[in-house]
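J.: Okay, handing you the structure first.
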Amino acid sequence: MKNIKKFRRPICGICLVAIAAIFVAFVATRSSDSLSGLDQGDYMIVDVHENIESQDGIKELISVMNTVNIAKMVLAAAPEEIFDYIGEKGFTEYEDNNDTVLSVAKKYPDRFYAFCTIDPNDSSKVTTAMNCVAEGADGFKLYNGHSFFYEYPLDDDRMLGLYNYIQEKGMPVIFHVNTGYYIDQFKNVMTLYPDMKVICPHFCLSSKNPTQLAELFAQFPNLYVDISFGYKDYLESGLIRISDNIDVFKQLFAQYPDRFLFGTVAVVEDDDAEKDSEWITDTYQTYRDMLEKDTYTTFYVVDETTGEEIQLKGLALDAATLEKIYETNWATVMME
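Here the sequence shown is numbered in this note's numbering, starting from 101 and rising by one per residue.
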């Protein structure tokens, strides 16, 4: 019996050390991956639109989300051409990115939604969509209204089965549409599927024509937009455009506060040295500043001669409107 007692003590000691190590790891994981890392006195922001090339930087992305107080994020799958454009048209490797966003959302369900994308030329679109839903997809992202990926009219019979499936499932779709080219086709789709919850990103590419956007809102109660601008050149132009027409945009937000959603689309890539955590943090914060402040500066808009950041006018939205954009409009879309 003495020998047994002597043998048990070190084993128990090892157990205690192991348990302590597991506890420390658990606490560390919760602090970064759960909502405990957020400022509970701030808005619990939902970012409804981001692309990630792989899972490699997901921990860093969660850390950035915590810094900007983004509680949850939609990861919208994309073809390889979004991440690595080599000058040729195509819609490749999107299945791999579908798997990526689905995997991340499964691993971090409190922090991410997964939106699958569908190739417009996939002859089995509905089956592909059904398989995504079976794997846990929360919605979809369509690029067939993107001028680079445009192959045939948005209201073509080849797309109608997919639209109908999305509407029947009651799931939202991020529908990238260049309304400068395809607005009539887009209106036809919206008319055919009045219950399909559509998020048209980048102000529905209508920030140059806010009157047109207001008309779309008035005509289609199922239409939402996110406030992102996309790539950095577009973001710079968009921020300047809003600053130069601040009263027009304030009126638009005041008239349709229930239709705007917070989105960023920094496009998180693996091999872009510029897009480190600081860059992504500053990009996300820029969108918050645009919505919340009277004036602000950002590294996106600088004086060409001096390199100094130029002061821009912000929307300075009231707390009730910000809460809608950051939280409750999305809850309505998702019926949460």
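In this text, a Cβ means the ideal position worked out from N, Cα and C, and glycines have one as well.
Return the chain-ordered list of same chain residues with a C-beta closer than 8 Å to the C-beta of Asp142, the five sequence neighbours on each side being excluded.
T.: For the purposes of this step, residue 142 is identified with residue 42 of the sequence shown, where counting begins at 1. Only Asn169 meet the Cβ criterion.
J.: Run through the segment 290 to 347 for me and flag every whole alpha helix (DSSP H) of 4 or more residues, listed as ranges in chain order.
T.: With a minimum length of 4 residues, the continuous alpha helix (DSSP H) runs that stay inside the segment 290 to 347 are 301 to 304, 310 to 319, 332 to 344.
J.: I need the DSSP call for Tyr426, collapsed to helix, strand or coil.
T.: Walking along the sequence shown from the start, residue 426 turns up at place 326. Reduced to three states, the DSSP call for Tyr426 is helix.
J.: So the alpha helix (DSSP H) Thr228 belongs to, where does it begin and stop?
T.: Here residue 228 refers to the residue found at position 128 when the sequence shown is read from its first residue. Taken as a continuous stretch (DSSP letters only), the alpha helix (DSSP H) holding Thr228 covers 225 to 234.
J.: Are Gly239 and Pro272 touching if we call contact CB-CB under 7 Å?
T.: Looking up residue 239 in the sequence shown gives position 139. Looking up residue 272 in the sequence shown gives position 172. Yes. Within cutoff.
J.: Please list, in chain order, all residues of the same chain as Asp389 whose beta carbon is under 8 Å from its beta carbon, the five residues on each side excluded.
T.: Your numbering for residue 389 matches position 289 in the sequence shown. The residues are Tyr396, Thr398, Gly414.
J.: Looking at Thr381: is its Cβ nearer than 7 Å to the Cβ of Val204?
T.: In the sequence shown, residue 381 corresponds to position 281, counting from 1. In the sequence shown, residue 204 corresponds to position 104, counting from 1. In this structure, Val204 does not lie closer than 7 Å to Thr381 by Cβ.
J.: Which residues does DSSP list as the beta-bridge partners of Ile152?
T.: Indexing the sequence shown from 1 puts residue 152 at position 52. According to DSSP, which records beta bridges pairwise, Ile152 is partnered with Val368.
J.: Please classify Thr395: does DSSP put it in a helix, a strand, or coil?
T.: Within the sequence shown, the letter at position 295 stands for residue 395. In this structure, Thr395 counts as strand in the three-state DSSP scheme.
J.: Answer with buried or exposed for Asn221, where buried requires no fewer than 16 other C-beta atoms within 10 angstroms of its C-beta.
T.: In the sequence shown, counting from the first residue as 1, residue 221 sits at position 121. So Asn221 ends up on the exposed side.
J.: Of the residues Ile162, Pro310, Tyr252, which one's Cα is nearest the Cα of Pro209?
T.: Along the sequence shown, one-based indexing puts residue 209 at 109. Nearest of Ile162, Pro310, Tyr252 to Pro209, Cα basis: Ile162.
J.: May I have the straight-line CA-CA distance separating Glu193 from Asp418, to the nearest angstrom?
T.: In the sequence shown, residue 193 corresponds to position 93, counting from 1. In the sequence shown, residue 418 corresponds to position 318, counting from 1. Taking the straight line joining both Cα atoms gives about 42 Å.
J.: Could you give the distance in angstroms between the alpha-carbon of Leu316 and the alpha-carbon of Asn309?
T.: As a first step, residue 316 is located in the sequence shown; it is residue number 216 there, counting from the start. As a first step, residue 309 is located in the sequence shown; it is residue number 209 there, counting from the start. Cα-Cα distance, rounded: 11 Å.
J.: Checking the sheet assignment: what are the DSSP bridge partners for Ala176?
T.: Here residue 176 refers to the residue found at position 76 when the sequence shown is read from its first residue. DSSP output for Ala176 lists Phe215 as bridge partner(s).
J.: Straight-line CA distance for Gly190 to Asn429?
T.: Working through the sequence shown from its first residue, we reach residue 190 at position 90. Working through the sequence shown from its first residue, we reach residue 429 at position 329. If you take the alpha carbons of Gly190 and Asn429, they lie about 34 Å apart.
J.: Does the segment 315 to 335 come within contact of the segment 288 to 300, defined as at least 3 CB pairs closer than 8 Å?
T.: yes
J.: Is the segment 359 to 378 close to the segment 145 to 159, with three or more CB pairs under 8 Å?
T.: yes
J.: My guess is that Lys241 and Phe212 are in contact by the Cβ rule of under 8 Å, so how many angstroms apart are they, rounded?
T.: What you label residue 241 is simply residue 141 of the sequence shown in a count that begins at 1. What you label residue 212 is simply residue 112 of the sequence shown in a count that begins at 1. The Cβ separation is near 14 Å, so there is no contact.
J.: Using a Cβ-Cβ cutoff of less than 6 Å, which residues in the same chain neighbour Tyr243 once the five nearest sequence positions on both sides are dropped?
T.: Here residue 243 refers to the residue found at position 143 of the sequence shown. Hits under 6 Å: Phe249, His276.
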